Each structure stands twice: as C-alpha cells, then as structure tokens.
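Visitor: Just so you know, the sequence shown maps onto residues 424 to 586 in the numbering used here.
Just so you know, even glycine gets a beta-carbon here, dropped at the ideal spot from N, CA and C.
From a predicted model like this one, the values you see are computed outputs, not experimental measurements.
After the structure tokens below, expect a handful of questions from me.
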Amino acid sequence: MKYFLFLFAVYSFSAVFTSCGTSDIKHTENTVSKRIDYLPVKNGVLHGAGEEGISQGVVGISSIEDYNELRNKMNSVNEELEEDIIADERFFDEEMLIFVFDKVRGTGGYTFEVEEITENNEVLQVKAISKPPLGSATSVMTQPYQIVSINKSDKELSLEVIE
424 MKYFLFLFAV YSFSAVFTSC GTSDIKHTEN TVSKRIDYLP VKNGVLHGAG EEGISQGVVG
484 ISSIEDYNEL RNKMNSVNEE LEEDIIADER FFDEEMLIFV FDKVRGTGGY TFEVEEITEN
544 NEVLQVKAIS KPPLGSATSV MTQPYQIVSI NKSDKELSLE VIE
C-alpha cells in the first residue's frame with residue numbers, strides 16, 4: 424500500500440510540474456518581440472500645468488488631420504509646437520509620428536526620451552526614460568514629451584516609463 428501511495432505522490436507531483444512548464448512555454452512564444460527602428464523628431468516641454476488636457480501616454484498620428492488636431496491641443500495654453508514638423512502631407516503615406524508624453528511634473532528640468540520601441544503580434548511597446556533634474560530646477564509645472572517617427576503601423580500602442 425505504501426508503494427502505491429509513493430507512486431501516486433510521484434505521479435501527482437510530476438503532473439503538476441509538467442503542466443506548469445507547458446503554460447510558461449506558450450506564454451513565451453506569444454510574447455516574442457522585435458525592436459523597431461525609429462527616428463527622433465523633437466523633444467519638448469509643455470508649460471500649461473496640465474491645462475492642455477494631455478495625460479501621460481503615447482499617441483500615434485498617421486494623418487495630417489490627426490497631427491493638426493494634436494498640435495492645436497498642445498498649443499491651446501502656450502505656443503509649444505510652433506514650427507510645423509511635417510514638411511509634406513505625403514509623409515503619412517509610409518510613416519507615422521508617435522507622440523510620447525510624460526506626466527505633469529512639479530518642476531522643470533526633467534529629461535524624457537524614448538529608449539526603445541518593440542513590437543509583437545498585437546502591440547507596439549514604447550519604452551521611455553524620465554530623469555529628474557540635475558541640480559536646481561525651475562519651479563514651474565512642466566510636461567516633457569518626445570516625438571519620434573516610425574514606419575506606418577496599425578498596431579495598438581503601449582507605454583512603459585522608467586523613472
């Protein structure tokens with residue numbers, strides 16, 4: 424009888440460990456991602472103390488109309504994006520802009536930069552780094568952002584900010 428209990432216990436443990444391993448393998452296969460090339464277009468800072476109504480996040484722009492709408496929103500409090508960074512409407516035929524916004528900060532001097540963009544089957548994952556000011560900083564509320572361009576994609580965008 425002890426022998427059967429021993430075999431039952433061994434069988435149970437091996438079944439549990441085998442099933443756990445299978446789940447991890449499937450998860451790993453579904454999350455294979457590759458790096459995406461991008462070109463930094465502009466780094467800037469909004470100075471409206473959040474009044475622009477833009478929260479921390481990432482926005483994909485793939486048409487001149489969407490670009491003008493976001494540009495107007497960014498400029499609603501102060502002229503933050505004065506120059507037109509799109510020289511030709513045909514830019515959006517093959518490219519898109521990604522606007523990456525940090526959260527509103529209590530002081531100036533923060534740097535905010537895209538570290539990498541990766542893609543898997545469903546999502547473009549944008550990883551950005553936010554660094555606090557070195558030394559003294561202005562006591563004005565700011566919201567750092569960066570604009571990058573990539574090849575056009577219709578995938579969902581996701582943001583990870585590392586502080």
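Which partner residues does residue 581 have in the DSSP bridge list?
Guide: Start at 1 with the first residue of the sequence shown, and residue 581 comes out as number 158. Per DSSP, 548.
Visitor: Assign residue 540 to one of three DSSP states: helix, strand, or coil.
Guide: As a first step, residue 540 is located in the sequence shown; it is residue number 117 there, counting from the start. If DSSP states are grouped into helix, strand and coil, residue 540 belongs with the strands.
Visitor: Of all the options 561, 484, 565, which has the alpha carbon lying nearest to the alpha carbon of residue 525?
Guide: Indexing the sequence shown from 1 puts residue 525 at position 102. Nearest option by C-alpha distance: 565.
Visitor: Between the C-alpha atoms of residue 460 and residue 534, what's the straight-line distance to the nearest angstrom?
Guide: Counted from its first residue, the sequence shown places residue 460 at position 37. Counted from its first residue, the sequence shown places residue 534 at position 111. So the two alpha carbons sit approximately 21 Å from each other.
Visitor: Between which two residues does the beta strand (DSSP E) carrying residue 498 extend?
Guide: Mapped onto the sequence shown, residue 498 falls at position 75. Residue 498 -> no beta strand (DSSP E), and no H or E assigned at all.
Visitor: Are three or more beta carbon pairs between the segment 544-553 and the segment 498-514 nearer than 8 Å?
Guide: No, the segment 544-553 is not in contact with the segment 498-514.
Visitor: Look at the alpha carbon of residue 539 and the alpha carbon of residue 521, and state the distance between them as a whole number of angstroms.
Guide: Counted from its first residue, the sequence shown places residue 539 at position 116. Counted from its first residue, the sequence shown places residue 521 at position 98. Taking the straight line from one Cα to the other gives about 12 Å.
Visitor: Could you name the residues of the same chain whose beta carbon sits closer than 7 Å to that of residue 462, not counting the 5 residues immediately before and after it, in chain order?
Guide: What you label residue 462 is simply residue 39 of the sequence shown in a count that begins at 1. Within the same chain, residue 462 has close Cβ partners 571, 572.
Visitor: Checking 8 Å against the spacing of the C-beta atoms, do residue 466 and residue 536 come in under that value?
Guide: Mapped onto the sequence shown, residue 466 falls at position 43. Mapped onto the sequence shown, residue 536 falls at position 113. In contact: residue 466 and residue 536 (Cβ atoms closer than 8 Å).
Visitor: Which residues mark the beginning and the end of the beta strand (DSSP E) in which residue 586 is found?
Guide: Taking the first residue of the sequence shown as position 1, residue 586 is located at position 163. No beta strand (DSSP E) holds residue 586; DSSP gives it neither H nor E.
Visitor: Going by DSSP in three states, residue 487 sits in which element: helix, strand or coil?
Guide: The residue given as residue 487 occupies position 64 in the sequence shown. Residue state, collapsed to three classes: helix.
Visitor: Please name the residue, chosen from 494, 499, 532, 481, that lies closest to residue 557 on a Cα-to-Cα basis.
Guide: Along the sequence shown, one-based indexing puts residue 557 at 134. Of the listed residues, the one whose Cα sits closest to residue 557 is 532.
Visitor: Under 8 Å between the Cβ atoms of residue 582 and residue 527?
Guide: For the purposes of this step, residue 582 is taken as residue 159 along the sequence shown, with counting starting at 1. For the purposes of this step, residue 527 is taken as residue 104 along the sequence shown, with counting starting at 1. No; because the gap between Cβ atoms is not below 8 Å, this pair is not in contact.
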